[in-house]
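Okay, so here's the structure we're looking at.
Numbering (the UniProt record's numbering), first residue to last: 1 to 289.
Structure (structure tokens):
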């Protein structure tokens, strides 16, 4: 697994060729992301006397009233998701990378917050920092899918993202043969007050993962990492003592779908693609298939 760095745009076809062979791409210091980070920094630190270098418990001592640290983080994520300006900025960043917006479909831009691992988090889609190794093609079942990831603040090897390249062409036991999006939606509708749900929000790994050749990837704020969603990867358990904030988005390209250009599927037992999770970046329309 190699990491290709670019300071200029590349075509959709060039990007797919690199990613579908198992390599990664980092687009360096995108000006739009720097502006987005400034705006998200203001959102994160609104009402706090300290900067982002805080644990969940320390946040709890600074927020107003009796709001818990987790509820504070959830409120930040909610505010982020409800403001279309943030998604527009990220879309401009994709265009800086060379993404053809009229040919690309994306799910919803997500701001993930990962408190230090000593902080308790509910089993909720809002708090997904403790996800075990997984492939993002599990669940969506779109083999041409690409992940985009960028940190808001500096990250280290104690809080970044980790890949398991040995599993690029090697199957791992998982629950794709039994996981159901419909069952997840039912469980989500019955969530507890803290947002916890009694069903996995994605298919799970069912065997221990060999980590001797794992590769932790650290990128800077303003950089944009992209990789094939078929990669087995995870968030590093956050031992930095600092809450990590990062953007994540998944896309696919119509030309890749039409040409059935994609990495090999080594272990996804599900067959129904969920194209309806995605909207075209240029006009938010759904794909009619």
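Yeah, the Cβ is synthetic: ideal placement off N, Cα and C, and Gly gets one too.
Thinking residue 233 and residue 153 are a contact (beta carbons under 8 Å), I'd like their distance in whole angstroms, please. Against the chain shown, residue 233 aligns to sequence position 233. Against the chain shown, residue 153 aligns to sequence position 153. A Cβ-Cβ separation of about 20 Å leaves residue 233 out of contact with residue 153 under the 8 Å criterion.
Do three or more CB pairs link the segment 234-250 to the segment 105-117 at distances below 8 Å? yes
Given a threshold of 16 other Cβ atoms within 10 Å of its Cβ, counted over all protein chains shown, does residue 145 qualify as buried or as exposed? Counting from one through the chain shown, the residue named residue 145 turns up at place 145. It is buried - the Cβ of residue 145 has at least 16 other Cβ atoms within 10 Å.
Residue nearest to residue 238 in terms of C-alpha spacing, selected from 256, 159 and 39: Start at 1 with the first residue of the chain shown, and residue 238 comes out as number 238. Ranking the options by Cα distance to residue 238, first place goes to 159.
Excluding the five sequence neighbours on either side, which residues of its own chain have a C-beta within less than 8 Å of the C-beta of residue 22, listed in chain order? Taking the first residue of the chain shown as 1, we reach residue 22 at position 22. Excluding positions up to five away in sequence, the list reads 1, 165, 168, 169, 228, 231 and 263.
Among 277, 252, 226 and 251, nearest to residue 4 - alpha-carbon criterion: Within the chain shown, the letter at position 4 stands for residue 4. Residue 4 has its Cα closest to that of 226, out of 277, 252, 226 and 251.
So, with DSSP's three-state summary, where would you put residue 56? The residue given as residue 56 occupies position 56 in the chain shown. Unreliable placement is indicated for residue 56, whose pLDDT of 44 sits below 50; the coordinate value is still reported in the next sentence. Residue state, collapsed to three classes: helix.
For residue 178, count the other beta carbons within 10 Å of its own beta carbon; 16 or more makes it buried, fewer makes it exposed. Which is it? Translated into the one-based positions of the chain shown, residue 178 becomes position 178. It is exposed - the Cβ of residue 178 has fewer than 16 other Cβ atoms within 10 Å.
Distance CB(residue 36)-CB(residue 80) smaller than 8 Å: Indexing the chain shown from 1 puts residue 36 at position 36. Indexing the chain shown from 1 puts residue 80 at position 80. Going by C-beta atoms, residue 36 is not nearer than 8 Å to residue 80.
For the beta strand (DSSP E) containing residue 246, list its first residue and its last residue. Walking along the chain shown from the start, residue 246 turns up at place 246. From DSSP, the beta strand (DSSP E) with residue 246 extends over 244-253.
Near residue 269, what residues of its chain come up, given a Cβ to Cβ distance below 7 Å and the 5 sequence neighbours on each side ignored? Mapped onto the chain shown, residue 269 falls at position 269. These residues qualify, in order along the chain: 176 and 177.
Helix, strand or coil at residue 38 [DSSP, three-state]: Counting from one through the chain shown, the residue named residue 38 turns up at place 38. The answer is helix: DSSP assigns residue 38 an H, G or I state.
Which term fits residue 283, buried or exposed, when burial requires 16 or more other beta carbons within 10 angstroms of its beta carbon? Translated into positions along the chain shown, residue 283 becomes position 283. Exposed is the call here.
Proximity to residue 32 [Cα-Cα], best of 71, 100, 150 and 116: For the purposes of this step, residue 32 is taken as residue 32 along the chain shown, with counting starting at 1. Cα-wise, what sits closest to residue 32 is 150.
7 Å Cβ shell around residue 257 - same chain, five flanking residues per side excluded: Within the chain shown, residue 257 is the residue found at index 257, counting from 1. So the list reads 144, once near-sequence residues are dropped.
So what does DSSP say about residue 218, is it helix, strand or coil? By 1-based counting over the chain shown, the position of residue 218 is 218. Residue 218 falls in the coil class under three-state DSSP.
Output the boundary residues of the alpha helix (DSSP H) element that contains residue 182. Walking along the chain shown from the start, residue 182 turns up at place 182. Run containing residue 182: 181-189, per the alpha helix (DSSP H) assignment.
On the CB-based measure, 16 or more other CB atoms within 10 Å of its CB, does residue 91 come out buried or exposed? Looking up residue 91 in the chain shown gives position 91. With 16 or more other Cβ atoms within 10 Å, it is buried.
Look up residue 280 in the DSSP assignment and give the residues it is bridged to. Looking up residue 280 in the chain shown gives position 280. 105, per the DSSP bridge assignment.
Do you know how far the Cα of residue 75 is from the Cα of residue 147? Within the chain shown, residue 147 is the residue found at index 147, counting from 1. Within the chain shown, residue 75 is the residue found at index 75, counting from 1. C-alpha separation (whole angstroms): 25 Å.
Option in 132, 182, 197 and 137 with minimal Cα separation from residue 271: Stepping through the chain shown from its first residue, residue 271 is reached at position 271. Closest in C-alpha terms to residue 271, from the list 132, 182, 197 and 137, comes 137.
Could you tell me if residue 140 is buried or exposed, where buried requires 16 or more neighbouring beta carbons within 10 angstroms of its beta carbon? Numbered from 1 along the chain shown, position 140 holds the residue referred to as residue 140. Buried is the call here.
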